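Reading through the structure tokens given below for one structure.
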Amino acid sequence: MNDSVVVLTLAGAIVAGTPLALAALGELLGQRSGVMNLGVEGMMLVGAVTAILGAEATGTPWLGLALGGAAGLCLALVHAVLAVSWRVNQVVSGLALVILGTGLSSYIGKLPDPPLGDRAPVERFEPVFSGGPADVPILGPILFGHDPIVYLSVLAAVGVSAFLYRARGGLALRAVGESPATADAAGISVTRTRYGYVLLGGLMAGMGGGYVTLALSGTWQDGITAGAGWIAFALVPFASWRPLRCLLAAWAFGALTNLNFTLQLLEVDVPSDLLSMLPFVMTIVVLIAVSARPRASRLLAAPAALSEPYVRETR
Amino acid sequence: MSESALGVELQGIRKSFYGQVANEDVDLDLRWGEVHALLGENGAGKSTLCSVLAGLYRPDAGRILVDGVEHHFASPRDALDARIGMVYQHFRLVDTFTVAENVVLGHPGTPAWMDRRQMESDVAALCERYGIQVDPAALVLDLSVGEQQRVEILKLLHRGVHVLVLDEPTAVLTPAEAEALFSALRGLREEGKTIVFVSHHLDEVLAIADRVTVMRKGRRVGQVAAADTDSDQLVRMMVGEQVVSPERLSGPASPGPVILGVKALEVQNDLRQVAVDALDLEVHAGEIVGIAGVAGNGQRELAEAIAGLRRPTGGSVVLNGRDATSLDVLARVRAGLGFVPEDRLTTGVASGLPIEDNLIMRSFGRAPISRGPFVSQRAVRQWTDELVERFDIRGVRRGLPMSLLSGGNVQRAILAREMAERPKLLLAAGPTRGLDVGATAAIHRLLLAMRDEGGGVLLISEDLEELELLADRIAVIYGGRIMGEQAAGSFDRDSIGRMMAGVRAEA
Amino acid sequence: MAPSRLRIPRLRLEPRGVPPIWLRLAFPVLALAGAGCAGAVLLLLTGFSPWTVYSAAGDAAFGTSLAWQRTLVSSTPLILTGLAAAVAFRMRIWNIGGEGQLYIGAIAASGVALAVADGLPSVIAIAVVLGAGALGGAVWAGLAAAPRARFGTDEVISTLMLNFIALFLMNYLIFGSEGFWRDKERLTYPTGRDIPESAVAPELWGRLHIGFLVAVAVAVGLWILLRSTRWGYTVRLVGDSTRAARYAGVRVPRRIASVLLLSGAAAGLAGAILIIGSLGSLEPRALAINLGYTGIIVAAVARLNPLAVVPVAVAVGGISSAGPALQTSGVPSELVLVLQGLALLVVAASELLMSNRIRFAPAAPAGAPSAAPAARR
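Chains U, A and E supply the protein sequences, listed in that same order.
Oh and the first sequence: position 196 is 212 in the working numbering, straight run, nothing missing.
Oh and the second sequence: position 26 is 89 in the working numbering, straight run, nothing missing.
Oh and the third sequence: position 27 is 23 in the working numbering, straight run, nothing missing.
Right, dumping it as structure tokens:
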């Protein structure tokens, strides 16, 4: 029963949605502070390749994941310096990260001998519960069949949500994104806040990329994230900048990426390309629907100061 | 009172922006438990000084002492730590937050994990203690301007500040709201708070302040006790040696035919509320009609509706004998309208573009500036040189963005552009706001020349003195309606003031 | 003020109006050189000699007439996607959808070529096919332009989403279905159907075909349009301040929409030129090589000047066409991507220096150690 198509699909959706959720939550935090980072895909790729190198070198996926996160953070630092300190256009800077990250990850992957792509899989994350709860009919594989990072990502979403709406720091974060001048006048450092969350976003994107190689594939190949970074970016507006919606939407989009496989098993003939299109179509529809209603666009839309550099001394 | 302990001192403050000096060697001393007015014309450097005091700007030179101890404010937070806080002209509120969230924002005493109900009852208690009325659970975007100002003051009180800096707090208030603010401020003074009250209105200053520091052109002119001074002395200090002429600048008007007829005009603001309400107004050729009123009573919407930037929801606008109600902007310009908008740098000019692009904003659609679909570079250059010379626009170099010009020269450029189209009606909103004396005089001369050559001028201004100086008639706007009208020679400040507060003129 | 304290000179930025002409001309060169230097550091760190690698790349891109032909061919779509980005970005419309607009342009062009071009005179066939490509790109941009003009929907996200929708649509036509575009004879390796001979671009010089001239002509046309026409003037106004533009009587939403459509048309034209030029059929693998995103790099390096887009596109196209040659010398060809990313970063970072001049401010009073430069960087 536990290897029925439905159970496998749902369990697979959660696993496929986890890197999306990690990266999207990070991007969400950065955008809540007013900085849009288009470079998620680049940060994920660099994180993915660093993670696998790290896991090989240290023998444990945990350190690999940490190093992947650190690599993502390094790229995010470039974005933070340009976008926050130098007030460079955030679209241009973020796009540069995508291109740089894509190139750099492939470059790094080809340097070792033999190249990373030709190596045996590294040790991957193991499920938390072997046997026991994981064998419970139906719910077992869906709820208890996963590796620790899946549960950590759920914790992260709940934590981010609680932080945003209940914590003093979350209030400050939202204020910086909505009205940096107000936050500044209240004694909150706009620059420090934005740096902090952009870097955290990079860390989470890097870990999301690391999850792809260390939990999903175990190996490296060029462009392994296959657009996951873009989907993660799309998730943020799709979820109206809300963390819990973001997690659920990540699983839903994860399900879509797995649906091809499922439908093949069920011998339903739906073109896979059209399914892959769906997350992007849905994001556009949500975006237009929200912006078309004035009240909704005030309370559900992007933070008011998103993409706008903050300068205190203007005249 | 006179023996209050010395509180806060600013010594030798200097602050410049890109080479323009805003404050030069300014001293200010504040005692605990006083209302200290900072008086000066627009552009005298009052706001800059306040921003230095509140830690928003870092001074180029000078010292800040609190209770005799020197402080360096790197940010508003440092000032707040020294118990100095400011209410800015443009409120610093997050409008998607509740009142309570705004009040606790950034406060170090806010617990790391907040309890919404606790937070709201704390703020309600604070309101009660200081007699300030506002709903802690309301979203700021649903509040009126006066209520938002109260939230700003609550924020500072919640922080436990000893010095409240209020930058032109009455500019956005009706006289009744202002009176309520004054009584609140007196209450705060009784609690030992120090209030820095920025204004350029003499009567307000004399009504509320204990001591007055006067500023002019970035410098401190002097300091007097309110009890020992009168408005004449303060005026002399504000404007310097140059004596203000009590005479009207303009001679008698010789009005001709109606050049602008506004009938039963109804206009909505951005929030789709009625901002101009069944308003009637006429401007004749050869006269200057002034619109007086507190900001936010429909002036902006009225101006935009006349200029064709905002579609009225009812009524009509007749321009030069022609129904202009449904004409677009350019058609109105062709029908004889010139418009000097109130937001000089965001609406009046494209401030990132060079002067030549800005001087052709009215003429780019016709010969000789454009030929067919093309704009003639040579004609643009000629046009620019001609207007720069004729209207004495200074500091101009071709290719230089408008944003690098001084306010006075930007305004000259706007007027040059509008006058070059030979309008029959000039609509000017706050044309001298923030300008220095010289630039103001030049603008006044232009408006008078326009009138004397038989044009009509509709002058919207918050500055009553300016209106008294120039206008042949003053109409007072309140809540989007004209409350009453007075002709030159019989201006009566008291009754104009009452009308600005919403009291209709006696018939 | 205490006179005994040190006075520290400090840097400050002062806004300047227009950068001097020499700086404007040198900017693209300096930007690419800066990227090259950063790339050299990477090469050194990973055990290659930058000199060897760069001279090999230079030879591969510009060393022979064949290399020049290849470089110019690969720069052709970059000119157009660069123009697409430049036109929109000038108005501060962040159309990052050049990628998708290019795919749709290619789909439309190849579709029209397959449907009607057979038997038409070559001139007409090519004109019709190019027109279809431009129209396709414009329509795709219109999907973002309409909600932007109507509701103010953010175009960054919508144009980005449309890129992926277009990509999957194109993949579906060739890999996922056996539709009109698919060459049904080759079943094992799906490809597009070859377009009729009449729609294939005539060659000018070896591999270089007429598409390059079309791209250059569009660049000149757009330059004139933006610089010397009433329409271009109103675009400048809207780009600087929408409120000032409204005040000047410009219908802003309409202008925004029309610029987005024009931008999309340029990107769509790039797709069409690829179809009639080097590809000859709808070939997703050869189309989805980030030409739209690279166009944004080109536009940024060219500082959004349509004329400057042409030489910059040739330089960037040269770097791209050198990629395979690098592989033979042992350097991963992805170095090209790294260099492009670095170029974009260098350009972004130096924009601040273009519009400001650095001054040593008169010594700061040390009495205010917290006093930082007026323009906080």
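Heads up, the beta-carbon is just placed ideally off N, CA and C, and yes, glycines get one too.
Being a predicted model, the structure only gives us computed values, none of them experimental.
With distance defined between alpha-carbon atoms, name the residue in the options nearest to residue i.
i	options	result
residue 226(A)	526(A), 480(A), 429(A) and 95(A)	95(A)
residue 348(A)	156(A), 515(A) and 83(A)	515(A)
residue 197(U)	154(A), 335(A) and 132(A)	154(A)
residue 97(A)	272(A), 522(A), 241(A) and 363(A)	272(A)
residue 94(U)	138(U), 319(U) and 214(U)	214(U)
residue 107(E)	176(E), 261(E), 239(E) and 209(E)	176(E)
residue 353(A)	78(A), 528(A), 281(A) and 124(A)	528(A)
residue 270(A)	443(A), 281(A) and 249(A)	249(A)
residue 331(A)	300(A), 366(A) and 355(A)	366(A)
residue 208(E)	57(E), 76(E) and 30(E)	76(E)
residue 123(U)	338(E), 218(E), 305(E) and 329(E)	329(E)
For residue i, which residues in the same chain have their Cβ closer than 7 Å to its Cβ, ignoring the five residues on either side in sequence?
i	result
residue 322(U)	47, 50, 52 and 193
residue 83(A)	none
residue 220(A)	189 and 193
residue 338(A)	330, 331, 332, 361, 364 and 543
residue 279(U)	286
Skipping 5 residues on each side, what residues in its chain have a beta carbon closer than 8 Å to that of residue i?
i	result
residue 199(U)	188, 191, 192, 206 and 209
residue 111(U)	54 and 55
residue 340(A)	329, 361, 542, 543 and 544
residue 548(A)	536, 537, 538, 539 and 568
residue 165(A)	156, 157, 203, 214 and 218
residue 264(A)	233
residue 171(E)	186 and 280
Who are the Cβ neighbours of residue i in its own chain at under 6 Å, not counting the five residues just before and after it?
i	result
residue 535(A)	316, 350, 351 and 551
residue 70(A)	93, 94, 95 and 257
residue 468(A)	458
residue 194(E)	113, 116, 118 and 121
residue 64(A)	Its pLDDT being 39, under 50, residue 64(A) is placed unreliably by the model, and the measurement read from it follows with that caveat. Once the five neighbours on either side are set aside, residue 64(A) has no close Cβ partner at all.
residue 76(A)	86, 89, 115, 122 and 125
residue 327(U)	none
Answer yes or no: do residue i and residue j have a C-beta to C-beta separation smaller than 9 Å?
i	j	result
residue 172(U)	residue 255(U)	no
residue 298(A)	residue 286(A)	no
residue 258(E)	residue 270(E)	no
residue 84(U)	residue 64(U)	yes
residue 495(A)	residue 357(A)	no
residue 333(E)	residue 119(U)	yes
residue 243(A)	residue 199(A)	no
residue 86(E)	residue 231(E)	yes
residue 248(U)	residue 266(U)	yes
residue 322(A)	residue 382(A)	yes
residue 273(E)	residue 162(E)	no
Per DSSP, residue i is paired with what?
i	result
residue 346(A)	323(A)
residue 283(A)	278(A)
residue 336(A)	Paired residues: none, contrary to the question.
residue 149(A)	228(A)
residue 541(A)	544(A)
residue 181(A)	DSSP lists no partner for residue 181(A).
residue 199(E)	205(E)
> Are the region 80 to 96 of chain E and the region 298 to 312 of chain E in contact at 8 Å, needing three or more beta carbon pairs?
Replying inline: yes
> Is the region 53 to 66 of chain U in contact with the region 220 to 227 of chain U, if contact means three or more CB pairs nearer than 8 Å?
Replying inline: yes
> Is the region 211 to 230 of chain A close to the region 259 to 267 of chain A, with three or more CB pairs under 8 Å?
Replying inline: yes
>> Taking 8 Å as the cut-off, does the region 361 to 373 of chain A touch the region 448 to 458 of chain A (at least 3 CB pairs, one atom from each stretch)?
In response: With the cut-off at 8 Å, the region 448 to 458 of chain A and the region 361 to 373 of chain A do not touch.
>> Using 8 Å as the cut-off, can you tell me whether the region 106 to 118 of chain A makes contact with the region 142 to 159 of chain A, which would need three or more C-beta pairs spanning the two stretches below that distance?
In response: With a cut-off of 8 Å, the region 142 to 159 of chain A and the region 106 to 118 of chain A count as touching, because enough Cβ pairs lie within range.
>> Can you confirm whether the region 408 to 422 of chain A touches the region 502 to 521 of chain A when touching is taken to mean that 3 or more C-beta pairs between the two stretches lie within less than 8 Å?
In response: no
> Between the region 180 to 187 of chain U and the region 291 to 310 of chain U, are three or more C-beta pairs nearer than 8 Å?
Replying inline: no
> Which residues, in chain order, does the region 228 to 240 of chain E contribute to contact with chain C at a C-beta distance below 7 Å?
Replying inline: Considering every chain present, this structure includes no chain C. Its protein chains are U, A and E.
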